[in-house]
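Residue numbers for the sequence shown follow numbering that gives the first Met the number 0, so the first one is 0 and each next one is one higher. The C-beta atom is built at its ideal place from N, Cα and C for all residues, glycine as well. The structure presented is a predicted model; accordingly, all values stated were derived computationally and were not measured.
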Amino acid sequence: MMEQAHTARRPAENAQRVRAAQYVRMSTDHQSYSIDNQKDAIRQFAEAMNYDIVATYEDAGRSGLNLEGRAGLQRLLADVETKNADFEIVIVYDVSRWGRFQNPDESASYEYRCRVAGVRIEYCGEQFANDGSIGSDLLKAIKRSMAAEHSRVLSVKVFVGQCRLIQMGYRQGGSSGLGLRRQLVDKHGRTKTMLVLKEYKSLQTDRVILVPGPPDEIATVRWIYDQYVKAGRTELQIARSLNAKGVVTDLNRSWKRESIHQILSNEKYVGNNVWNRQSFKLKQRKVTNDISQLVRADGVFEPIVDRRLFERAQARADARSSKMSNDQMLVVLAELLKRRGTLSGPIIDAAAGCPPSSRYRKKFGSLLRAYKLVGYDPSQNYQFLDIRRRLREIFEEVVQTIIATIERAGGSAVRQSGLGVLRVNDEFTVSVAMGRCRNTPYGYPHWVAPAERGTAADVKVAIRMSPDNQTILDYLITPANEIGGKPLNRALNKRLEFNAFFFKSLDPLFALAERNAITAAR
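Take a look at the structure:
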């Protein structure tokens with residue numbers, strides 16, 4: 000059947016060879032031969048179709064659930080949309096290798112972007128030709144939905160399997176913690192070796208359990224419990240005492256209030272295996288789960304803290320927080336948010352006079368619920384910080400590229416006090432701004448750039464970002480009087496032979512600087 004599909008697409012023998020790229024992806028590092036198998040299939044397809052593979056874009060060990068982290072696909076889209084792609088076709092093994100996006104429209108959008116830029120996508124392992132016909136479009140839609148459903152079903156199966164392993168007493172990820180160590184065992188329960196930090200099992204059938212660690216670390220853990228329960232000291236006082244003694248955590252760091260709190264509240268020290276405190280299913284937003292969603296198995300590890308002592312520690316922590324009503328706890332949390340501008344479990348645990356994060360979970364069901372009651376949305380904050388960090392990196396790269404290119408052309412570009420203002424050839428100024436893409440309530444994109452401060456520049460360059468704010472879409476290069484600001488000097492205005500227009504590169508700006516440098520030399 001596949002041979003018939005290839006035959007239907009096979010060109011004439013004397014047809015001119017077509018330049019093509021290949022995109023390959025494997026989901027996990029365990030699929031050691033997946034990339035090679037895909038390349039072999041693509042090579043055979045290219046030979047049959049008279050294609051020359053001139054470029055390879057690869058994402059090894061990357062999930063197909065979203066675009067984030069898939070540098071290969073992002074680079075492919077950037078090359079295609081900036082016209083840097085020296086090929087007409089991209090060959091992918093099948094629809095699932097392109098991605099298992101939970102929204103099938105997302106997968107279609109990336110293919111559409113390539114097609115708009117003049118590059119066609121072909122799937123060599125599918126039973127249809129991707130020719131834009133109703134039949135092929137219908138099959139692709141079905142395949143995309145099947146790929147998304149496969150990920151959802153697999154996620155459920157994996158979760159059920161992890162729950163079973165937790166209840167059998169096996170560790171599922173995370174560091175061991177002070178006073179404990181991760182012991183590797185085979186499928187029969189026989190001990191193999193002790194795992195050190197950042198060392199993981201290599202066989203799927205092996206399992207990990209927790210065992211008591213070095214005696215000095217166990218003594219430190221027990222000392223912390225004694226100081227908290229019997230001596231009545233606070234978490235912060237205990238942390239300061241350990242730092243004064245030169246004792247470090249299991250991560251070789253100094254002690255903080257939250258690190259003491261984690262030891263005092265973690266049930267692994269009494270032998271309990273507790274999992275699913277947070278969820279990050281299908282690469283969606285990470286959430287803190289309700290207590291009722293925890294998966295646990297009691298008494299499966301060898302304890303290093305007496306259970307009665309542990310329970311007294313929890314009772315004292317509860318008593319400290321129970322003195323506050325729910326409203327009082329929210330007032331304290333709102334004041335902390337006002338001071339810090341953001342909230343998290345470690346921030347709450349480190350704040351003096353604030354109940355620990357575990358108390359907020361017990362009182363309100365989850366930290367997210369408490370956040371909502373004080374008007375804080377952590378998902379938007381984290382997403383905003385990630386995008387802002389990415390925009391800063393791209394902005395700095397563009398500014399440095401402008402400076403280097405102008406200098407190579409014989410001109411000069413000096414960065415002025417403003418972060419994005421350049422003095423070119425000591426004659427005119429260029430203002431560079433980053434336009435972040437946002438969606439209107441109606442679903443249409445629009446671009447927002449920060450307002451220019453100080454004296455208006457002569458030429459303005461606005462960087463328009465793609466909808467995901469990960470790559471540059473194009474540039475707006477214009478005299479300042481085209482979009483407001485002070486009028487240009489007449490002599491300079493004559494040299495500007497372009498009006499406001501979107502360019503795929505900064506070449507018009509470089510050409511202006513080069514002509515300006517030649518004129519000045521004369």
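**Prompt:** Would you call the CB atoms of ASN129 and ILE120 closer than 8 Å?
**Reply:** Here residue 129 refers to the residue found at position 130 of the sequence shown. Here residue 120 refers to the residue found at position 121 of the sequence shown. Yes. Within cutoff.
**Asked** Can you tell me the Cα-Cα spacing of LEU372 and SER356, whole angstroms?
**Response** Mapped onto the sequence shown, residue 372 falls at position 373. Mapped onto the sequence shown, residue 356 falls at position 357. LEU372 and SER356: Cα-Cα distance of roughly 15 Å.
**Message:** How far does the beta strand (DSSP E) with TRP522 in it extend, from its first residue to its last?
**Reply:** A question about residue 522 goes unanswered here, because the residues of the chain that appear run from 0 up to 521.
**Nearest to LEU164 (by Cα), restricted to the options GLY434, VAL273, TYR268, VAL429** = Taking the sequence shown and counting its residues from 1, one reaches residue 164 at position 165. The candidate whose alpha carbon is nearest that of LEU164 is VAL273.
**Three-state secondary structure assigned by DSSP to GLY434** = Locating residue 434 in the sequence shown gives position 435, where the first residue counts as 1. The answer is strand: DSSP assigns GLY434 an E or B state.
**Message:** If I follow the unbroken alpha helix (DSSP H) through GLU334, where does it start and stop?
**Reply:** Taking the sequence shown and counting its residues from 1, one reaches residue 334 at position 335. Counting along the chain, the alpha helix (DSSP H) containing GLU334 begins and ends at 325–339.
**Asked** Looking only at C-alpha atoms, which of GLU234, SER264, THR219, ILE262 sits nearest to LYS244?
**Response** Taking the first residue of the sequence shown as position 1, residue 244 is located at position 245. Among GLU234, SER264, THR219, ILE262, the Cα nearest to that of LYS244 is on THR219.
**Asked** Excluding five sequence neighbours on each side, which residues of the same chain lie with their C-beta closer than 7 Å to the C-beta of GLU406?
**Response** As a working mapping, residue 406 is identified with position 407 in the sequence shown. Excluding sequence neighbours, GLU406 sits near ALA412.
**Item:** Rounded Cβ spacing between ARG181 and LEU194 (contact assumed at less than 8 Å)
**Value:** Residue 181 sits at position 182 when you count from the first residue of the sequence shown. Residue 194 sits at position 195 when you count from the first residue of the sequence shown. The pair is a contact, with the Cβ atoms about 4 Å apart (cut-off 8 Å).
**Message:** Rounded to whole angstroms, what is the Cα-Cα separation between ARG338 and VAL330?
**Reply:** Position 339 of the sequence shown, counted from the start, is the residue given in the question as residue 338. Position 331 of the sequence shown, counted from the start, is the residue given in the question as residue 330. Spanning the two alpha carbons is a distance of roughly 12 Å.
**Message:** Please report the straight-line C-alpha distance between ALA70 and SER174, rounded to a whole angstrom.
**Reply:** Within the sequence shown, residue 70 is the residue found at index 71, counting from 1. Within the sequence shown, residue 174 is the residue found at index 175, counting from 1. Between ALA70 and SER174, the C-alpha separation is close to 28 Å.
**Message:** Measuring alpha carbon to alpha carbon, tell me which residue in TRP222, PRO377, SER291, LEU75 is nearest ASP305.
**Reply:** For the purposes of this step, residue 305 is taken as the residue at position 306 of the sequence shown. Residue TRP222 is the option with its Cα nearest to ASP305.
**Message:** On the CB-based measure, 16 or more other CB atoms within 10 Å of its CB, does ILE482 come out buried or exposed?
**Reply:** The residue you call residue 482 lines up with position 483 of the sequence shown. Model confidence at ILE482 stands at a pLDDT of 41, short of 50, so the residue's coordinates are unreliable; what they give is reported in the following sentence. So ILE482 counts as exposed.
**Request:** Spatial neighbours of TYR375 within its chain, please: CB distance less than 7 Å, with the 5 preceding and 5 following residues excluded, ordered by chain position.
**Result:** For the purposes of this step, residue 375 is taken as the residue at position 376 of the sequence shown. Correct list, in chain order: LEU336, LEU342.
**Prompt:** Among the residues of its own chain, which have a CB less than 7 Å from the CB of GLY68, if the five just before and after it don't count?
**Reply:** What you label residue 68 is simply residue 69 of the sequence shown in a count that begins at 1. So the list reads ARG61, once near-sequence residues are dropped.
**Item:** Collapsed DSSP secondary structure at PHE502 in the structure displayed
**Value:** For the purposes of this step, residue 502 is taken as residue 503 along the sequence shown, with counting starting at 1. In this structure, PHE502 counts as strand in the three-state DSSP scheme.
**Prompt:** Does DSSP put ASN251 in a helix, in a strand, or in coil?
**Reply:** Translated into the one-based positions of the sequence shown, residue 251 becomes position 252. Three-state DSSP puts ASN251 in coil, outside helix and strand.
**Item:** Contact between the segment 20–27 and the segment 80–92 (3+ Cβ pairs under 8 Å)
**Value:** yes
**Request:** Can you give me the Cβ contacts of LEU495 inside the same chain, cut-off strictly under 6 Å, excluding the 5 residues immediately before and after it?
**Result:** As a first step, residue 495 must be located in the sequence shown, where it is residue number 496. Its pLDDT being 35, under 50, LEU495 is placed unreliably by the model, and nothing is read from it.
**Request:** Give a yes or no on contact between the segment 429–438 and the segment 39–55, applying the rule of three or more CB pairs nearer than 8 Å.
**Result:** no
**Prompt:** Which value, in whole angstroms, describes the spacing of the CA atoms of ARG252 and LEU241?
**Reply:** Within the sequence shown, numbered from 1, the residue matching residue 252 stands at position 253. Within the sequence shown, numbered from 1, the residue matching residue 241 stands at position 242. The straight-line gap from Cα to Cα measures roughly 11 Å.
**Request:** State the CB to CB distance for the pair LEU66 and LEU72, rounded to an integer number of angstroms; the pair is presumed to be in contact (CB under 8 Å).
**Result:** Taking the sequence shown and counting its residues from 1, one reaches residue 66 at position 67. Taking the sequence shown and counting its residues from 1, one reaches residue 72 at position 73. Rounded, the Cβ-Cβ distance is 6 Å, consistent with contact.
**Request:** Less than 8 Å between the CB atoms is what I'm expecting for ALA54 and MET25, so what's the real figure, rounded?
**Result:** Here the question's residue 54 lines up with position 55 in the sequence shown. Here the question's residue 25 lines up with position 26 in the sequence shown. Not confirmed; about 19 Å, so no contact.
**Asked** In chain order, what residues of the same chain have a beta carbon less than 7 Å from the beta carbon of ASP348, not counting five sequence neighbours either side?
**Response** Here residue 348 corresponds to residue number 349 of the sequence shown, with the count starting at 1. Cβ neighbours of ASP348 beyond the five flanking positions: ARG256, GLU257, HIS260, PRO355, SER356.
**Prompt:** Who are the near neighbours of MET464 in its chain, counting only those whose CB is closer than 8 Å to its CB and skipping five residues on each side?
**Reply:** Position 465 of the sequence shown, counting from 1, holds the residue named residue 464. Closer than 8 Å at the Cβ level, and outside the excluded window around MET464, lie LEU390, ILE393, MET433, GLY434, ARG435, CYS436, TRP446, THR470, ILE471, LEU472.
**Prompt:** What residues match up with MET167 in a beta bridge as DSSP calls it?
**Reply:** Here residue 167 refers to the residue found at position 168 when the sequence shown is read from its first residue. MET167 is not bridged to any residue.
**Prompt:** According to DSSP, is PRO211 helix, strand or coil?
**Reply:** Position 212 of the sequence shown holds residue 211. PRO211 falls in the strand class under three-state DSSP.
**Chain-order list of residues whose beta-carbon lies under 7 Å from that of LYS493 (same chain, five-residue window excluded)** = Residue numbering aside, residue 493 sits at position 494 when the sequence shown is read from its first letter. Residue placement at LYS493 is poorly supported in this model, since its pLDDT is 33, which falls under 50; the coordinates still yield a value, given next. Result list for LYS493: empty, nothing under 7 Å.
**Request:** Check the DSSP bridge columns for LYS459 and list the partner residues they point to.
**Result:** Translated into positions along the sequence shown, residue 459 becomes position 460. SER430, THR477, per the DSSP bridge assignment.
**Request:** Classify TYR169 as buried or exposed, calling it buried when 16 or more other Cβ atoms lie within 10 Å of its own Cβ.
**Result:** One-based indexing of the sequence shown puts residue 169 at position 170. It is buried - the Cβ of TYR169 has at least 16 other Cβ atoms within 10 Å.
**Request:** Using 10 angstroms around the beta-carbon of LEU421, count the other beta-carbons present and answer buried if the total reaches 16, otherwise exposed.
**Result:** If you number the sequence shown from 1, residue 421 lands on position 422. Classification for LEU421: buried.
**Message:** What does DSSP give as the partner residue(s) for ASP51 in the beta ladder?
**Reply:** As a first step, residue 51 must be located in the sequence shown, where it is residue number 52. Answer is ARG18.
**Message:** Tell me the DSSP secondary structure of ASN83 in three-state form.
**Reply:** For the purposes of this step, residue 83 is taken as residue 84 along the sequence shown, with counting starting at 1. Of the three classes helix, strand and coil, the one that applies to ASN83 here is coil, per DSSP.
**Asked** Residues bridged to VAL294 by DSSP?
**Response** Here residue 294 refers to the residue found at position 295 of the sequence shown. Partner(s): TRP274.
**Item:** Cβ neighbour criterion (16 or more within 10 Å) applied to GLN15
**Value:** Taking the first residue of the sequence shown as 1, we reach residue 15 at position 16. Counting Cβ neighbours within 10 Å, GLN15 comes out exposed, since fewer than 16 surround it.
**LEU179 beta carbon less than 8 Å from that of LEU209** = Here the question's residue 209 lines up with position 210 in the sequence shown. Here the question's residue 179 lines up with position 180 in the sequence shown. Yes; because the gap between Cβ atoms is below 8 Å, this pair is in contact.
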